[in-house]
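Participant:
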Amino acid sequence: MKLRGGLSVGLLGRLLAILLLTLAIEFVASTILYERSSRALIRSDEAHRLAEHLVIARKLLSDQDPSARPALASRLTTDRYDVHWAGSTTMQPPRPAEQDEAYRRVIDWERSLADSDLRVETVPIGRKAQLSGALRLNDGTWMRFRAFEPAGDGQPGWHRIFLVLWPSAALLIIGALLFRHTLRPMKMLAGAADRIGRSSGVTLPEAGPTEVRHVIRAFNAMQTRIQQLINDRTEALAAVGHDLRTPLSRLQLRAELVADPALRRAFEADVTEMEAMVVSLLAFLGGDEDPETPVRTDVAVMAATIVDDAVDRGEDATYVGEDHLEAMVRPGGMKRAIGNLVQNALQYGGSARVGARGEGRTLVIWVDDDGPGIPEEMMAEVLHPFTRLDPARGRNTTGLGLGLAIVIRLAKIEGGELNLSNRPEGGLHAELRVPLR
């Protein structure tokens, strides 16, 4: 799964997303239920208090002389409850509200108020609700009252949100640690799979959940089979290479006995081509495991030496790079890679200009030629093994088309890459880039 922008989300990220979604749903549901139950409890408690206040006020006002009732009603008024006494028995009170929720809550707490002809109506004021009502005293006069009901604003309290978020965040962190521990064998498996083809591999311990142990067991068995196939192939190729060199050596000796110079040179050219084919084939198929140990090597001097050898053979080659440039590389593999690039330039371009430079933490070996270059549609295909741009051998070239494939394999062993591009002025530009260590 990928997010926008190409950001990939791994298995751990998916599990954490599922956990986070579960916590979010639980948090929202709990908050809504908590708020509703809290408001219900608050309203019920408020109805209880109002019922008690009304019972007490009715009792006191009924027992008090009418002339003293206004003053007593004033003393019964609080910040939450406003009490007034109306002396007239003909005052129109609020309409009966037997179906009003507030009325039912008050009556549920104090059944005696039902005998007082209690009238209640709810008047919304902003986000709160004001209760207005009246009840009849024993002498037929009316006591009016008002009360502000804490109906709530419908929004959860921030302190309650934080109280809920703290355990959720702690649970998320604990879940992440547990998921990471559970997925550790998968990380080991990915690392071992990445090492296949670069080293002899390692047998992973079977750990983790049952499904993961099954995968590791199958991976270990697969790795053993692959390594056995590679070893068998390497041994077979080594034997074939040894057996082929013997008749090639005999052909070389017999070619020297040919009296006709032209025929002798033709024999020698064929034998040399066959030897080059055997060497390149063994170099490419000689096994993915590389026993050579990296050592600090002056790659610039190595490249200059390869160019000097080509010049000694009468080839058009020049070195124009830095005089000294050291790097931790496998000298045998690096020499073969540079040699293949130079030979490819000489063979197909007629000349080779070689250079070495450092770009930050990257070593760059480049080779230019003055040949026809490579068609853009063939640029990727030519890097494949056994690919030739002249399949009919119209140019009388040698080899099996493995030169660049060998360079790519050697570059990957060093953790680098090979890039090809056509030069604007004509010819091919090959660039071998490996990390400086």
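Heads up, the sequence shown is in numbering that gives the first Met the number 0, so the first residue is 0 and it goes up one at a time. Where a beta carbon is used, it is the ideal one built from N, C-alpha and C, also for glycine. As the structure is a computational prediction, the values presented were derived from the model and not from experiment.
Does the Cβ of Asn343 have 16 or more other Cβ atoms within 10 Å, making it buried, or fewer, making it exposed?
Facilitator: On the sequence shown, position 344 is the one that residue 343 refers to. Asn343 is buried by the Cβ-count criterion.
Participant: Please go through the same chain and pick out, in chain order, the residues whose beta-carbon is closer than 6 angstroms to the beta-carbon of Gly402, but skip the five residues on each side of it.
Facilitator: Start at 1 with the first residue of the sequence shown, and residue 402 comes out as number 403. Around Gly402: Asn339, Asn343.
Participant: Under 8 angstroms, with one C-beta from each stretch per pair, do the region 314-326 and the region 347-361 reach the 3-pair mark?
Facilitator: Yes, since at least three Cβ pairs between the region 314-326 and the region 347-361 fall closer than 8 angstroms, the two stretches touch.
Participant: DSSP puts Phe144 in a beta bridge; with which residues?
Facilitator: Indexing the sequence shown from 1 puts residue 144 at position 145. Paired residue(s): Val82, Gly132.
Participant: State yes or no: is the C-beta of Val298 within less than 7 angstroms of the C-beta of Ala261?
Facilitator: Reading the sequence shown from its first residue, position 299 is the one you call residue 298. Reading the sequence shown from its first residue, position 262 is the one you call residue 261. No, the Cβ-Cβ distance between Val298 and Ala261 is not below 7 angstroms.
Participant: Excluding the 5 residues preceding and the 5 following Leu203 in the sequence, name in chain order all residues of the same chain whose CB lies nearer than 8 angstroms to its CB.
Facilitator: Position 204 of the sequence shown, counted from the start, is the residue given in the question as residue 203. So the list reads Pro184, Met187, Leu188, Ala191, Ile215, Phe218, Asn219, once near-sequence residues are dropped.
Participant: Please classify Arg432: does DSSP put it in a helix, a strand, or coil?
Facilitator: In the sequence shown, counting from the first residue as 1, residue 432 sits at position 433. Residue state, collapsed to three classes: strand.
Participant: In the DSSP assignment, the alpha helix (DSSP H) including Asp138 goes from what residue to what residue?
Facilitator: In the sequence shown, counting from the first residue as 1, residue 138 sits at position 139. Note, Asp138: premise wrong, no alpha helix (DSSP H); not H, not E.
Participant: Could you please give the first and the last residue of the uninterrupted alpha helix (DSSP H) stretch that includes Ser73?
Facilitator: In the sequence shown, the residue the question calls residue 73 occupies position 74. Its alpha helix (DSSP H) spans residues 68-75.
Participant: Less than 7 angstroms between the beta carbons of Gly372 and Leu427, yes or no?
Facilitator: Stepping through the sequence shown from its first residue, residue 372 is reached at position 373. Stepping through the sequence shown from its first residue, residue 427 is reached at position 428. For Gly372 and Leu427, yes; Cβs fall inside 7 angstroms.
Participant: So, for Leu409: in the same chain, excluding its five sequence neighbours on each side, which residues have a beta-carbon less than 6 angstroms away from its beta-carbon?
Facilitator: As a position in the sequence shown, residue 409 is number 410, starting the count at 1. Excluding residues within five positions, the ones whose Cβ falls inside 6 angstroms are Gly332, Ala336.
Participant: Going straight from the alpha carbon of Asp367 to that of Ile173, what length do you get?
Facilitator: On the sequence shown, position 368 is the one that residue 367 refers to. On the sequence shown, position 174 is the one that residue 173 refers to. Cα to Cα, Asp367 sits roughly 58 angstroms from Ile173.
Participant: How far does the alpha helix (DSSP H) with Asp193 in it extend, from its first residue to its last?
Facilitator: The sequence position of residue 193 within the sequence shown is 194, counting from 1. Segment 183-194, the alpha helix (DSSP H) holding Asp193.
Participant: Glu380: buried (16+ other C-beta within 10 angstroms of its C-beta) or exposed?
Facilitator: As a working note, residue 380 is residue 381 in the sequence shown. It counts as exposed.
Participant: Between which residues of its own chain and Gly206 is the CB-CB distance below 6 angstroms, once the five residues before and five after are set aside?
Facilitator: The count along the sequence shown starts at 1 and reaches residue 206 at position 207. The amino acid at residue 206 is misidentified as Gly; the sequence shows Ala. Closer than 6 angstroms at the Cβ level, and outside the excluded window around Ala206, lie Pro184.
Participant: First and last residue of the alpha helix (DSSP H) that includes Thr450?
Facilitator: Here the chain covers residues 0 to 436 and nothing more, so residue 450 does not appear.
Participant: Return the first residue and the last residue of the alpha helix (DSSP H) that Gly402 is part of.
Facilitator: For this step, residue 402 is matched to residue 403 along the sequence shown. Here the alpha helix (DSSP H) through Gly402 covers 402-412.
Participant: Please classify Met450: is it buried, with 16 or more other beta-carbons within 10 angstroms of its beta-carbon, or exposed?
Facilitator: Residue 450 cannot be examined here, being either before or after the span of the chain that is shown, 0 to 436.
Participant: In whole angstroms, what is the alpha-carbon distance linking Val328 and Thr209?
Facilitator: Your numbering for residue 328 matches position 329 in the sequence shown. Your numbering for residue 209 matches position 210 in the sequence shown. Straight-line Cα distance between these residues: approximately 42 angstroms.
Participant: Below 6 angstroms, is the gap between the Cβ of Lys411 and the nearest heavy atom of the ligand NAP?
Facilitator: This structure simply doesn't include the ligand NAP, nor any ligand for that matter.
Participant: Does the Cβ of Gly370 have 16 or more other Cβ atoms within 10 Å, making it buried, or fewer, making it exposed?
Facilitator: Looking up residue 370 in the sequence shown gives position 371. The residue is buried, with at least 16 neighbouring Cβ atoms inside 10 Å.
Participant: Considering only residues of the same chain and omitting the five flanking positions on each side of Ser36, which have a CB-CB separation below 6 angstroms?
Facilitator: Residue mapping note: residue 36 aligns to position 37 of the sequence shown, counting from 1. The predicted position of Ser36 is uncertain, since its pLDDT is 48 and thus under 50; no value can be drawn from it.
Participant: With the cut-off set at 7 angstroms, would you say Ala70 and Val82 are in Cβ contact?
Facilitator: In the sequence shown, the residue the question calls residue 70 occupies position 71. In the sequence shown, the residue the question calls residue 82 occupies position 83. For Ala70 and Val82, no; Cβs fall outside 7 angstroms.
Participant: Within a Cβ cutoff of 7 angstroms, which residues of the same chain sit near Arg57, ignoring the five residues on either side of it in sequence?
Facilitator: Within the sequence shown, the letter at position 58 stands for residue 57. Result list for Arg57: Ser115, Leu134, Leu136, Met142, in chain order.
Participant: Report all residues from its chain with a CB closer than 8 angstroms to the CB of Ser61; omit the five preceding and five following residues, and keep chain order.
Facilitator: One-based indexing of the sequence shown puts residue 61 at position 62. The residues are Leu136, Asn137, Asp138.
Participant: From Ile412 to Leu22, what distance separates their C-alpha atoms?
Facilitator: Start at 1 with the first residue of the sequence shown, and residue 412 comes out as number 413. Start at 1 with the first residue of the sequence shown, and residue 22 comes out as number 23. Approximately 46 angstroms between the Cα atoms of the pair.
Participant: Strictly by DSSP, which residues pair up with Ser420?
Facilitator: Indexing the sequence shown from 1 puts residue 420 at position 421. Beta-bridge pairing links Ser420 to His428.
Participant: If you check the beta carbons only, do Ala254 and Arg263 fall under 7 angstroms apart?
Facilitator: The residue you call residue 254 lines up with position 255 of the sequence shown. The residue you call residue 263 lines up with position 264 of the sequence shown. Contact: yes.
Participant: If you draw a straight line from the alpha carbon of Glu272 to that of Ser248, how long is it in whole angstroms?
Facilitator: In the sequence shown, the residue the question calls residue 272 occupies position 273. In the sequence shown, the residue the question calls residue 248 occupies position 249. In a straight line, the C-alpha of Glu272 is about 13 angstroms away from that of Ser248.
Participant: If Gln251 sits next to Val277, beta carbons under 8 angstroms apart, how far is it from one beta carbon to the other, in whole angstroms?
Facilitator: To locate residue 251, count along the sequence shown from 1; it is residue 252. To locate residue 277, count along the sequence shown from 1; it is residue 278. 13 angstroms between Cβ atoms; not a contact.
Participant: How close, in whole Å, do the beta carbons of Leu431 and Leu419 come, if the pair is a contact with beta carbons under 8 angstroms?
Facilitator: Against the sequence shown, residue 431 aligns to sequence position 432. Against the sequence shown, residue 419 aligns to sequence position 420. About 10 angstroms separates the two Cβ atoms, so there is no contact after all.
Participant: Compute the beta-carbon to beta-carbon distance between Ala175 and Glu109, rounded to the nearest angstrom, for a pair I have assumed lies under 8 angstroms.
Facilitator: Residue mapping note: residue 175 aligns to position 176 of the sequence shown, counting from 1. Residue mapping note: residue 109 aligns to position 110 of the sequence shown, counting from 1. Their Cβ separation, rounded to whole angstroms, is 55 angstroms, which puts Ala175 and Glu109 out of contact at 8 angstroms.
Participant: Assuming the contact rule is C-beta atoms closer than 8 angstroms, Ala171 and Leu18 should be a hit. Round their C-beta distance to whole Å, please.
Facilitator: Position 172 of the sequence shown holds residue 171. Position 19 of the sequence shown holds residue 18. In the sequence on display, residue 171 carries Leu and not Ala. Correct: roughly 6 angstroms between the Cβ atoms.
Participant: Given this structure, state the Cα-to-Cα distance separating Gly320 from Arg356, to the nearest angstrom.
Facilitator: The residue given as residue 320 occupies position 321 in the sequence shown. The residue given as residue 356 occupies position 357 in the sequence shown. About 6 angstroms.
Participant: Roughly how many angstroms separate the alpha carbons of Asp287 and Asn230, rounded to a whole number?
Facilitator: In the sequence shown, the residue the question calls residue 287 occupies position 288. In the sequence shown, the residue the question calls residue 230 occupies position 231. The predicted position of Asp287 is uncertain, since its pLDDT is 44 and thus under 50; a value taken from the coordinates is nonetheless stated next. Approximately 10 angstroms between the Cα atoms of the pair.
Participant: Is it true that the CB of Ile305 sits closer than 7 angstroms to the CB of Val341?
Facilitator: Walking along the sequence shown from the start, residue 341 turns up at place 342. Walking along the sequence shown from the start, residue 305 turns up at place 306. Their beta carbons are under 7 angstroms apart, which means Val341 touches Ile305 by this criterion.
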